[in-house]
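Peer 1: Every number in the numbering used here is 12 more than the matching position in the sequence shown, counting from 1. Ideal Cβ placement from N, Cα and C applies to all residues, glycine included.
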Amino acid sequence: MKIAMIGTGYVGLVSGVCFSDFGHNVVCVDKDQRKIDMLERGEVPIYEPGLEALMAKNVEAGRLAFTLDLASAIEGAEAVFIAVGTPTRRGDGHADLTYVMAAAEEIARAAKDYVVIVTKSTVPVGTNRKVREVVAAANPELEFDVASNPEFLREGAAIDDFMKPDRVVVGVESDRASKVMSEIYRPLYLRDFPIVTTDLESAEMIKYAANAFLATKITFINEIAALCEKVGADVKQVSKGMGMDNRIGNKFLHAGPGYGGSCFPKDTKALARIGQEHASPMYITEAVIAVNEDMKRRMIEKLQDLCDGSFNGKTIAVLGVTFKPNTDDMRDAPSLTIVPALVGGGAKVRVCDPQGQHEGEALLPGVQWQDDPYDAATGADLIVLLTEWNEFRALDLGKIVESMTRPAMADLRNIYNATVARDAGFVAYDSVGRAGFATSLQDLAKRMAS
Ligand SMILES: NC(=O)c1ccc[n+]([C@@H]2O[C@H](COP(=O)([O-])OP(=O)(O)OC[C@H]3O[C@@H](n4cnc5c(N)ncnc54)[C@H](O)[C@@H]3O)[C@@H](O)[C@H]2O)c1
Numbered sequence: 013m014k015i016a017m018i019g020t021g022y023v024g025l026v027s028g029v030c031f032s033d034f035g036h037n038v039v040c041v042d043k044d045q046r047k048i049d050m051l052e053r054g055e056v057p058i059y060e061p062g063l064e065a066l067m068a069k070n071v072e073a074g075r076l077a078f079t080l081d082l083a084s085a086i087e088g089a090e091a092v093f094i095a096v097g098t099p100t101r102r103g104d105g106h107a108d109l110t111y112v113m114a115a116a117e118e119i120a121r122a123a124k125d126y127v128v129i130v131t132k133s134t135v136p137v138g139t140n141r142k143v144r145e146v147v148a149a150a151n152p153e154l155e156f157d158v159a160s161n162p163e164f165l166r167e168g169a170a171i172d173d174f175m176k177p178d179r180v181v182v183g184v185e186s187d188r189a190s191k192v193m194s195e196i197y198r199p200l201y202l203r204d205f206p207i208v209t210t211d212l213e214s215a216e217m218i219k220y221a222a223n224a225f226l227a228t229k230i231t232f233i234n235e236i237a238a239l240c241e242k243v244g245a246d247v248k249q250v251s252k253g254m255g256m257d258n259r260i261g262n263k264f265l266h267a268g269p270g271y272g273g274s275c276f277p278k279d280t281k282a283l284a285r286i287g288q289e290h291a292s293p294m295y296i297t298e299a300v301i302a303v304n305e306d307m308k309r310r311m312i313e314k315l316q317d318l319c320d321g322s323f324n325g326k327t328i329a330v331l332g333v334t335f336k337p338n339t340d341d342m343r344d345a346p347s348l349t350i351v352p353a354l355v356g357g358g359a360k361v362r363v364c365d366p367q368g369q370h371e372g373e374a375l376l377p378g379v380q381w382q383d384d385p386y387d388a389a390t391g392a393d394l395i396v397l398l399t400e401w402n403e404f405r406a407l408d409l410g411k412i413v414e415s416m417t418r419p420a421m422a423d424l425r426n427i428y429n430a431t432v433a434r435d436a437g438f439v440a441y442d443s444v445g446r447a448g449f450a451t452s453l454q455d456l457a458k459r460m461a462s
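Have a look at this one:
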């Protein structure tokens, strides 16, 4: 089959590469000259494990190409996927559909023969119908169908998620479109991965409902974590005990500094907005959004406590700024709230992230970037573990303690624990939803003397 993929971001590029690996002929289109130039040189503009090699393999096999020219890409294509961004619209929380509608219009102008226009971007319920109207208005002669095919891949594990999905959701209205979609996903169908076929609205809703539910689960455990701190419980044990219940499951029950990333913040806001527009309030989702904001503020307070009430004049090392490990994506990362609070409070902030610097430099002004976590910690008053990259999971804590001016740790991903930190020589340690400790000035003086 011939497929065109509009947008070569995290979703479009991974989808395009994986479809070509299924054996389809794929042309990926983007408006961004820099991205297309890189892709044509065999370079991947984003950090996604395994993507570069898979891309090279399929380019080599002649099944995958990149272009700025949408018209040439869709010539002869049986399906055109729209995988452009749907960020939060400024001011009202709604998903901004400008890019989706612009792509739909461009497709309409360029298409000549029957084609299925598939929306892969996350879009509010009703968008596929609007896409159909836009295309029909721009090219009344064109024979086409629309289909909704929301994407569920996770950055950092995107190829595996695409190749071995829990399910593929396809919203269609005609048998003809259904056949095209079945053919595209045949390699997965043959390997018994479930394909859920629905109407357009249900497919659109499944994506928002799934993301809002996951954001709710994370936020629920974060709120429980705050209560654990007050009552003396350990949230790690609590989530383990909860997660063993098959009805609950153990995924997305890790307490942390609040969710971030390219999807949960914008999709929860968009769902809340859709609810408001239909006079069917999404009370739970609205609460999740508010609690998540509060979590980030709570983290800043924790850090302040570890700095004796003020960031002013302190040196703080922050390990990890991407919204999660194994991606370079900084969109709505908790670090974008937490780090500016440190800088604004007068701290000298050093940041270390295995992949975050390229994106992060413009987003986090006033920080000093370090390649090595040990260099970042040298002379610091506080070390903050903000993203759980593997590189930070087995640090030589003794070495870090030796190099710090005042060894205190804020472990916002619960990688270590109070005992480990105390044994390593930290004078203060705090995490999320578990007991921390702070050595009193008296004890500290005694320790220094001995
Ligand atoms: N990032 C994720 O993990 C993820 C997961 C599931 C779903 N989604 C959804 O997928 C969609 C895309 O997300 P993303 O993270 O890949 O976005 P992105 O911002 O990384 O990529 C979008 C790309 O589309 C290009 N583009 C915009 N308009 C274009 C046009 N008219 N023609 C050609 N190219 C155009 C942009 O230049 C950009 O490269 C969003 O709706 C998002 O919610 C994202």
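Determine the direct distance from the alpha carbon of phenylalanine 438 to that of phenylalanine 417, and round the result to whole angstroms.
Peer 2: A small correction: the amino acid at residue 417 is threonine; phenylalanine does not occupy that position in the sequence shown. Using only the alpha carbons, I get a separation of about 11 Å.
Peer 1: Taking DSSP as the reference, what is the three-state secondary structure of arginine 362?
Peer 2: Three-state result, arginine 362: strand.
Peer 1: Does the beta-carbon of asparagine 426 have 16 or more other beta-carbons within 10 angstroms, so that it is buried, or is it exposed?
Peer 2: Counting Cβ neighbours within 10 Å, asparagine 426 comes out buried, since at least 16 surround it.
Peer 1: Can you tell me where the beta strand (DSSP E) holding asparagine 37 begins and where it ends?
Peer 2: Element bounds for asparagine 37: 37-41.
Peer 1: Across which residues does DSSP place lysine 14 in a beta bridge pair?
Peer 2: Looking at the DSSP assignment, lysine 14 forms a beta bridge with Asn37.
Peer 1: Please state whether DSSP places leucine 265 in a helix, a strand or coil.
Peer 2: Residue state, collapsed to three classes: coil.
Peer 1: Return the Cβ separation of arginine 362 and alanine 392 in integer angstroms, given the expectation that the two are a contact with Cβ distance under 8 Å.
Peer 2: Contact flag correct, Cβ pair sits at about 7 Å.
Peer 1: Would you kindly report the start and end of the unbroken beta strand (DSSP E) that includes serine 160?
Peer 2: Its beta strand (DSSP E) spans residues 156-160.
Peer 1: Can phenylalanine 34 and proline 199 be called in contact, C-beta distance under 8 Å?
Peer 2: Contact flag set, yes.
Peer 1: DSSP beta-bridge partners for tyrosine 441?
Peer 2: Note: tyrosine 441 sits in a beta bridge opposite Met421, Phe449.
Peer 1: Should serine 274 be counted as a contact of ligand 1 given a C-beta to heavy atom distance under 7 Å?
Peer 2: Indeed, a heavy atom of ligand 1 lies less than 7 Å from the Cβ.
Peer 1: By how many angstroms is the C-alpha of serine 190 removed from the C-alpha of alanine 83?
Peer 2: Their backbone Cα atoms lie some 24 Å apart in a straight line.
Peer 1: Specify, as a first and last residue, the run of the alpha helix (DSSP H) that isoleucine 58 falls within.
Peer 2: Element bounds for isoleucine 58: n/a, residue is neither H nor E.
Peer 1: For glycine 273 and proline 346, what's the separation of their Cα atoms in angstroms?
Peer 2: Taking the straight line from one Cα to the other gives about 8 Å.
Peer 1: Could you tell me whether the Cβ atoms of leucine 398 and leucine 348 are closer together than 8 Å?
Peer 2: Contact flag unset, no.
Peer 1: Just the Cα atoms here: how many angstroms apart are arginine 463 and threonine 390?
Peer 2: With the chain represented from 13 up to 462, any question about residue 463 goes unanswered, as that position is not in the structure.
Peer 1: For alanine 116, does the three-state DSSP call read helix, strand or coil?
Peer 2: Helix at alanine 116.
Peer 1: Would DSSP call alanine 463 helix, strand or coil?
Peer 2: The shown model of the chain, from 13 to 462, leaves out residue 463, and the question about it has no answer.
Peer 1: Below 8 Å, can you find three or more Cβ-Cβ pairs linking the segment 56-63 to the segment 164-179?
Peer 2: Yes, the segment 56-63 is in contact with the segment 164-179.
Peer 1: Between which two residues does the alpha helix (DSSP H) containing leucine 200 stretch?
Peer 2: Segment 198-202, the alpha helix (DSSP H) holding leucine 200.
Peer 1: Say the cut is 7 Å; is the CB of phenylalanine 225 nearer than that to a heavy atom of ligand 1?
Peer 2: No.
Peer 1: Whose CA, out of Glu216, Gly321, Ala440, lies closest to the CA of alanine 422?
Peer 2: When each option's Cα is compared against that of alanine 422, the closest is Ala440.
Peer 1: Roughly how many whole angstroms lie between the Cα atoms of arginine 17 and valine 38?
Peer 2: The sequence given here places methionine at residue 17; arginine does not occur at that position. Cα-Cα distance, rounded: 7 Å.
Peer 1: Give, in chain order, every unbroken run of the alpha helix (DSSP H) that is at least 4 residues long and sits entirely within the segment 123-177.
Peer 2: The segment 123-177 contains these whole alpha helix (DSSP H) runs: 139-150, 170-175.
Peer 1: Would you mind giving the Cβ-Cβ distance between phenylalanine 264 and lysine 229, rounded to the nearest angstrom? I have them listed as a contact below 8 Å.
Peer 2: Right, the Cβ-Cβ distance comes to about 4 Å (below 8 Å), so this counts as a contact.
Peer 1: What runs of the beta strand (DSSP E), each 3 residues or longer, lie entirely inside the segment 302-383?
Peer 2: Counting whole runs of 3 or more residues, the segment 302-383 contains the beta strand (DSSP E) stretches 327-331, 360-364.
Peer 1: Following the continuous alpha helix (DSSP H) through threonine 231, name the residue where it begins and the one where it ends.
Peer 2: Here the alpha helix (DSSP H) through threonine 231 covers 212-243.
Peer 1: What first and last residue would you give for the alpha helix (DSSP H) that runs through alanine 85?
Peer 2: Element bounds for alanine 85: 82-86.
Peer 1: For serine 251, is the beta carbon positioned less than 7 Å from some heavy atom of ligand 1?
Peer 2: No, the Cβ of serine 251 stays beyond 7 Å of every heavy atom of ligand 1.
Peer 1: Identify, in the order they occur along the chain, each residue of the same chain with its Cβ nearer than 6 Å to the Cβ of cysteine 364, setting aside the five sequence neighbours on each side.
Peer 2: Here the set comprises Leu331, Gln382, Pro385, Ala388.
Peer 1: How big is the Cα-Cα spacing for aspartate 178 and isoleucine 350?
Peer 2: Their Cα atoms are separated by approximately 34 Å.
Peer 1: Return helix, strand or coil for leucine 66, following the three-state DSSP convention.
Peer 2: DSSP places leucine 66 in helix when its eight states are reduced to three.
Peer 1: Please classify alanine 433: does DSSP put it in a helix, a strand, or coil?
Peer 2: It is helical.
Peer 1: I'd like to check one pair, valine 181 with proline 162: are the Cβ atoms closer than 8 Å?
Peer 2: In contact: proline 162 and valine 181 (Cβ atoms closer than 8 Å).
Peer 1: Is it right to say serine 443 is buried, meaning 16 or more other beta carbons lie within 10 angstroms of its own, or is it exposed?
Peer 2: With 16 or more other Cβ atoms within 10 Å, it is buried.
Peer 1: Please state the DSSP three-state secondary structure of valine 413.
Peer 2: Here valine 413 sits in helix by DSSP.
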